[in-house]
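These notes are about the structure you will find just below.
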Amino acid sequence: MANKISDETIEYVGILAKLELSGEEKEKAKSDMEKMLDYIDTLNELDTEGIEPMSHVFPVNNVFREDVVRNTDGSKDALANAPLAKDQGFKVPKTIG
Amino acid sequence: MAKQYETVIGLEVHVELATKTKIFCGCSTRFGGAPNTHTCPVCTGMPGSLPVLNKQVVEYAMAIGLAANCEITRICKFDRKNYFYPDNPQNYQISQLYLPIARNGYVEIGTGKTKKRVRIHEMHMEEDAGKLVHDEWDDTSIVDFNRSGVPLVEIVSEPDMRSAEEVLAYLEKLRMIIQYLGASDCKLQEGSMRADINLSVREAGSDKLGTRTEMKNLNSFKAIARAIEGERQRQIEILESGKEVIQETRRWDDNKEYSYAMRSKEDAQDYRYFPEPDLVPVVIDDAWIEKIKAEQPEFQDAKISRYREEFGLPEYDAQIITSSIHLAKLFERAAALCSKPKKVSNWLMVETLRLLKEHGMEPEEIRFSPENLAKLVELAETGTINSSVAKGVFEKMFAADMDPEAYVKEHGLKTVNDEGELNAVLEKVIADNPQAAADYRGGKEKALGALVGQTMKAMKGKADPGRVNQRLREMLS
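Chains as they are written, first to last, in the numbering used here: chain A, 44 to 140; chain B, 13 to 489.
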């Protein structure tokens, strides 16, 4: 593989993704990411000079919603699968925010 | 000689828009509902849910952009800002990085006699996060997503401000523009307007920017002023001791009057923005911009000039009345109804402001209607009621809006203009107070006051004090 992912990069990506990876998992993730970058290199072989980056496939613009309240109390559904709930809220580990 | 330092400040201001619904779903934005009652699959980040943009958000953002002299981006898009935090159910915030809705604007601020432009770098639309309430009891946090998806406009200035005074003037200016547009109520205390401050110091005369810090958690004008002074001092001390300022985000603690660093390595600020695939671009044509322009109201500066020229109000009065769109509207309506703008202005500037202050109320909470204020002005100006009665009636009207004409009639407060009735009372007062009458005749001017007072009392305040004074002088001469 042409691209090499360093240990630091894997460590950093892990932090960003809030994942704790074992040594074995890190090696596997490294190899996966290297393959992805190699594939991007293949795409980069194409001449894209003067072509606007595209963010959407369909030529559709301006899809709007009018400012009218349509939803009613959604708390029951929202909390239905909450692992922990208290006082009609999601209970999570202590977070300063 | 000690080195002189200059403070360089730029602001990121978040404003919660006054839409009825959230930016990407039909949930209510109303403040204060029971936790998670204003939620749906979209604003709680459920898999498979899709956002649909609220058109009113785009129109408010355009209106604010145009009012701040910005260029409107003709093709604008949304991007994903990725980060993990419990108040962010999608694990990303939909925001705008590459093509924000408005760019390259400015607002004019006036501190003292000097006018100054603060340039606007850009404005973008984004969604608010949920709210975390810390549960002291079991050391957990409770997440409420009612605020998740409430529309925000973030206004990013250039580092053009040099003092706390300029920062406050800039914020006040934005607040006025946005309140006049009706796009937000802009209350710092309630979080509908939030300011993050980017501050650096440099030696006076230098044109190179120093390393800046970003300060968050500022929820009053006073806290902002204190935080700016505190951070300025902190950075100067660092530089004076030969060290370097570290670029970081700091959180201001207004009780301790100290800021502390917020982010650590575990909190790396790498948001990996990429175009939001679930939302299509917003294309804005000339017609749309013209429509929004045509709907722009007369802003504060224009109103102040007009009040001075058209109504002859002093600048200070015009400034105070226009500092609340509600007060300005009340003034204009009442002035048009009774054609006595100066008198209307006086009632607002003196009695209204006094009562607002006394009750700790905002001008927005005024209950009386312009129609009733106009009627009261008429009653007072035509001499139908005297000034102290008018004050009393106004206080009643302030407490609970009512028709002053009907009130005056019902309570028999009309000034008595019947000369016969007045003369009878005056004769009785003179007869009952021979000493005061004699004193006045003997040259004691002050004694007349007591007689006027007695007469007003006998007539239950319904006489015209000027007329009473005049008649007494005639009768005692």
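Ideal placement from N, C-alpha and C gives every residue a C-beta, glycine not left out.
*Within the 8 Å Cβ cut-off, does Ala121/A reach chain B?*
Numbered from its first residue, the first sequence carries residue 121/A at position 78. Proximity of Ala121/A to chain B, defined by a Cβ-Cβ separation below 8 Å, is satisfied.
*Taking Ile76/B and Ala195/B to be in contact with their CB atoms under 8 Å, please state how far apart those CB atoms are, rounded to whole angstroms.*
Walking along the second sequence from the start, residue 76/B turns up at place 64. Walking along the second sequence from the start, residue 195/B turns up at place 183. Contact between Ile76/B and Ala195/B holds, with the beta-carbon distance rounding to 6 Å and staying under 8 Å.
_With DSSP as the reference, identify every bridge partner of Tyr525/B, one or two as the case may be._
No information on residue 525/B is available, as it lies outside the stretch 13 to 489 that chain B covers here.
*Segments of 3+ residues assigned as beta strand (DSSP E) that fall wholly inside the region 181-259 of chain B*: The qualifying runs are 205-215, 225-228.
*Closer than 8 Å by C-beta to Glu260/B: which residues in its own chain qualify, once you throw out the five before and the five after it? Chain order, please.*
Taking the first residue of the second sequence as position 1, residue 260/B is located at position 248. Only Thr225, Glu226, Ala273, Met274, Arg275 meet the Cβ criterion.
*Would you identify the three-state DSSP class for Pro416/B, choosing helix, strand or coil?*
Here residue 416/B is taken as the residue at index 404 of the second sequence, counted from 1. Of the three classes helix, strand and coil, the one that applies to Pro416/B here is helix, per DSSP.
*Through-space distance from Glu374/B to Phe490/B, alpha-carbon basis*: Outside the displayed range of chain B (13 to 489) lies residue 490/B, so it cannot be described from this structure.
*asked:* Tell me the rounded alpha-carbon separation between Leu62/B and Val54/B.
replied: Along the second sequence, read from residue 1 onward, the residue named residue 62/B stands at position 50. Along the second sequence, read from residue 1 onward, the residue named residue 54/B stands at position 42. If you draw a straight line from the Cα of Leu62/B to the Cα of Val54/B, it is about 6 Å long.
_Own chain residues within Cβ distance below 7 Å of Phe343/B, not counting five before or after_ = Residue mapping note: residue 343/B aligns to position 331 of the second sequence, counting from 1. Closer than 7 Å at the Cβ level, and outside the excluded window around Phe343/B, lie Ile333, Val356, Ser357, Leu360.
*Going by beta carbon distance, what residues of the same chain come within less than 6 Å of Ile240/B, once the five residues before and after it are set aside?*
Within the second sequence, numbered from 1, the residue matching residue 240/B stands at position 228. So the list reads Ala176, once near-sequence residues are dropped.
*What does a CB cutoff of less than 7 Å around Ala392/B pick up in its chain, not counting 5 residues either side in sequence?*
Locating residue 392/B in the second sequence gives position 380, counting from the first residue. Ser399, Ala402, listed in sequence order.
*Give the straight-line distance between the Cα atoms of Gly465/B and Gly432/B, rounded to the nearest whole angstrom.*
Position 453 of the second sequence, counting from 1, holds the residue named residue 465/B. Position 420 of the second sequence, counting from 1, holds the residue named residue 432/B. Approximately 19 Å, taken between the alpha carbons.
_I'd like to know whether the C-beta of Ser65/A is nearer than 8 Å to at least one C-beta of chain B._
As a working note, residue 65/A is residue 22 in the first sequence. Chain B has no Cβ within less than 8 Å of the Cβ of Ser65/A.
*Residues in its own chain within less than 8 Å of Glu215/B by CB, not counting five upstream and five downstream?*
Translated into positions along the second sequence, residue 215/B becomes position 203. Lys15, Gln16, Tyr17, Glu18, listed in sequence order.
*Along the chain, where does the alpha helix (DSSP H) that runs through Gln105/B open and close?*
Counting from 1 along the second sequence, the entry for residue 105/B is found at position 93. No alpha helix (DSSP H) contains Gln105/B, which is instead part of the beta strand (DSSP E) from 104-107.
*With burial defined as no fewer than 16 other Cβ atoms inside 10 Å of the residue's Cβ, what is the status of Glu457/B: buried or exposed?*
Looking up residue 457/B in the second sequence gives position 445. Burial check for Glu457/B: the Cβ neighbour count within 10 Å stays below 16, so the residue is exposed.
_As a quick exercise: from Phe90/B, Ser218/B, Val213/B, pick the residue whose alpha carbon is nearest that of Ile250/B._
Mapped onto the second sequence, residue 250/B falls at position 238. Among Phe90/B, Ser218/B, Val213/B, the Cα nearest to that of Ile250/B belongs to Val213/B.
*Going by the CB atoms, is the gap between Leu463/B and Ala475/B shorter than 8 Å?*
As a first step, residue 475/B is located in the second sequence; it is residue number 463 there, counting from the start. As a first step, residue 463/B is located in the second sequence; it is residue number 451 there, counting from the start. The answer is no: Cβ separation not under 8 Å.
*What are the uninterrupted segments assigned as alpha helix (DSSP H) that are 4 or more residues long and contained completely in the region 372-407 of chain B, given in chain order?*
The region 372-407 of chain B contains these whole alpha helix (DSSP H) runs: 382-393.
*Using the beta-carbon of each residue, which ones in chain B are nearer than 7 Å to Asp130/A?*
By one-based count along the first sequence, residue 130/A stands at place 87. In chain order: Pro47, Ile154.
_Considering only their Cβ atoms, is the gap separating Val20/B from Leu230/B smaller than 8 Å?_
Here the question's residue 230/B lines up with position 218 in the second sequence. Here the question's residue 20/B lines up with position 8 in the second sequence. In this structure, Val20/B does not lie closer than 8 Å to Leu230/B by Cβ.
*Between the region 37-68 of chain B and chain A, which residues of the former have a C-beta closer than 7 Å to a C-beta of the latter?*
Correct list: Cys37, Gly38, Cys39, Ser40, Ala46, Pro47, Asn48, Thr49, Thr51, Cys52, Thr56, Val64, Leu65, Asn66, Lys67, Gln68.
*Return the CA-CA distance between Asp451/B and Asn435/B, expressed in angstroms with no decimal places.*
Sequence index remark: in the second sequence, residue 451/B carries index 439 (1-based). Sequence index remark: in the second sequence, residue 435/B carries index 423 (1-based). Rounded to the nearest angstrom, the two C-alpha atoms are 21 Å apart.
*If you follow the alpha helix (DSSP H) that Lys73/A is part of, which residue opens it and which one closes it?*
Counting from one through the first sequence, the residue named residue 73/A turns up at place 30. Where Lys73/A is concerned, the enclosing alpha helix (DSSP H) starts and stops at 66-87.
_Sequence-distant residues of the same chain with beta carbon closer than 6 Å to Pro163/B, five excluded per side_ = Walking along the second sequence from the start, residue 163/B turns up at place 151. Leu29, Thr31, Ile35, Val69.
*At 9 Å on the CB atoms, spell out the chain B contacts of Pro136/A, in chain order.*
Your numbering for residue 136/A matches position 93 in the first sequence. Neighbours of Pro136/A on chain B, chain order: Pro98, Asp151, Thr152, Ser153.
*In whole angstroms, what is the alpha-carbon distance linking Gly122/B and His50/B?*
Numbered from 1 along the second sequence, position 110 holds the residue referred to as residue 122/B. Numbered from 1 along the second sequence, position 38 holds the residue referred to as residue 50/B. Answer to the nearest angstrom: the Cα atoms are 41 Å apart.
*asked:* At the level of alpha carbons, what is the spacing between Glu71/B and Tyr192/B?
replied: Residue mapping note: residue 71/B aligns to position 59 of the second sequence, counting from 1. Residue mapping note: residue 192/B aligns to position 180 of the second sequence, counting from 1. Approximately 15 Å, taken between the alpha carbons.
*Once you ignore the five residues that flank Ala347/B on each side, which residues in its own chain have a CB closer than 6 Å to its CB?*
As a first step, residue 347/B must be located in the second sequence, where it is residue number 335. Within the same chain, Ala347/B has close Cβ partners Pro353, Val356.
*Residue interval of the alpha helix (DSSP H) (run including Leu349/B)*: Taking the second sequence and counting its residues from 1, the one referred to as residue 349/B is at position 337. Segment 337-350, the alpha helix (DSSP H) holding Leu349/B.
*Leaving out the 5 sequence neighbours to the left and right, which residues in its chain are closer than 7 Å to Asn48/B when beta-carbon positions are compared?*
On the second sequence, residue 48/B is found 36 positions in, with the first residue counted as 1. These residues qualify, in order along the chain: Asp156, Phe157, Asn158.
_At the level of alpha carbons, what is the spacing between Leu127/A and Val145/B?_
As a working mapping, residue 127/A is identified with position 84 in the first sequence. As a working mapping, residue 145/B is identified with position 133 in the second sequence. Spanning the alpha carbons of Leu127/A and Val145/B requires a straight line of approximately 15 Å.
*Inter-residue Cα distance where the pair is Leu385/B and Ile442/B*: As a position in the second sequence, residue 385/B is number 373, starting the count at 1. As a position in the second sequence, residue 442/B is number 430, starting the count at 1. Each residue's alpha carbon lies about 38 Å from the other.
*How many Å lie between Thr91/A and Ile53/A at the Cα?*
Residue 91/A sits at position 48 when you count from the first residue of the first sequence. Residue 53/A sits at position 10 when you count from the first residue of the first sequence. Annotation: Thr91/A to Ile53/A spans about 30 Å, alpha carbon to alpha carbon.
*chain B beta carbons: is any one of them nearer than 8 Å to that of Ser98/A?*
Counting from one through the first sequence, the residue named residue 98/A turns up at place 55. Ser98/A has a beta carbon lying within less than 8 Å of a beta carbon in chain B.
*Helix, strand or coil for Tyr285/B per DSSP?*
Taking the second sequence and counting its residues from 1, one reaches residue 285/B at position 273. Coil.
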